[in-house]
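J.: This is the structure, below, for whatever I ask next.
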Amino acid sequence: TRPTPTRVELSGGEHFARGQQLWPSNRAAARTEFRAAASKGNSDAYYYLGLATVEGRDLRTLKQAELVSALQYFQNALRGRFAGEARRYEDQLGKEYDRRRK
Numbered sequence: 496t497r498p499t500p501t502r503v504e505l506s507g508g509e510h511f512a513r514g515q516q517l518w519p520s521n522r523a524a525a526r527t528e529f530r531a532a533a534s535k536g537n538s539d540a541y542y543y544l545g546l547a548t549v550e551g552r553d554l555r556t557l558k559q560a561e562l563v564s565a566l567q568y569f570q571n572a573l574r575g576r577f578a579g580e581a582r583r584y585e586d587q588l589g590k591e592y593d594r595r596r597k
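In this text, residue positions in the sequence shown follow the numbering used here: the first is 496, and each later residue adds one.
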């Protein structure tokens, strides 16, 4: 009998690296990797999850759930190496959120 192949569990950093490799060519697969990385505590993955939501879009056209989700992603990314960029998006999204509440 052949041995059953063992499934190797990837770390958050490994999922993040795979997501970065996939980002230019396959955004859907990259988002899956970033979600896995974020679930394992990788703060940098949250930046890309937020970016996947807002990149190239007018923030005023985001649905409320998208706005809140992206805002949370960028807030979670403040602990990572993309903190500066995440803070800029957090500020812009926060202003849009406040504008809608008026």
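For each residue, glycine too, the CB sits at the ideal point set by N, CA and C. Quick caveat: nothing in here was measured; it's all calculated off a predicted structure.
Using CA atoms only, rank isn't needed, just tell me which of SER564, ALA533, ASN537 and ALA540 is closest to THR636.
T.: Residue 636 is absent from the structure shown; the chain starts at 496 and stops at 597.
J.: Quick one: residues in its chain with C-beta nearer than 6 Å to the C-beta of ALA525, no 5 flanking neighbours on either side, listed in chain order?
T.: Excluding positions up to five away in sequence, the list reads GLY514, LEU517 and TRP518.
J.: Name the residue from PHE511, ARG530 and GLY507 whose alpha carbon lies nearest to the alpha carbon of TYR568.
T.: Ranking PHE511, ARG530 and GLY507 by Cα distance to TYR568 puts ARG530 first.
J.: So, using beta-carbon positions, are ALA464 and TYR541 closer together than 9 Å?
T.: With the chain running from 496 to 597 in the structure shown, residue 464 is simply not present.
J.: Between which two residues does the alpha helix (DSSP H) holding PHE529 run?
T.: First-last of the alpha helix (DSSP H) with PHE529: 522–534.
J.: Measuring straight from C-alpha to C-alpha, what distance separates GLN570 and GLU585?
T.: Using only the alpha carbons, I get a separation of about 7 Å.
J.: Quick check on LYS535 - is its C-beta less than 9 Å from some C-beta in chain B?
T.: Judged by its chain identifiers, the structure shown contains no chain B, having just a single protein chain.
J.: DSSP state of PHE577, grouped into three classes?
T.: In the structure shown, PHE577 sits in coil (DSSP, three-state: anything other than H, G, I, E or B).
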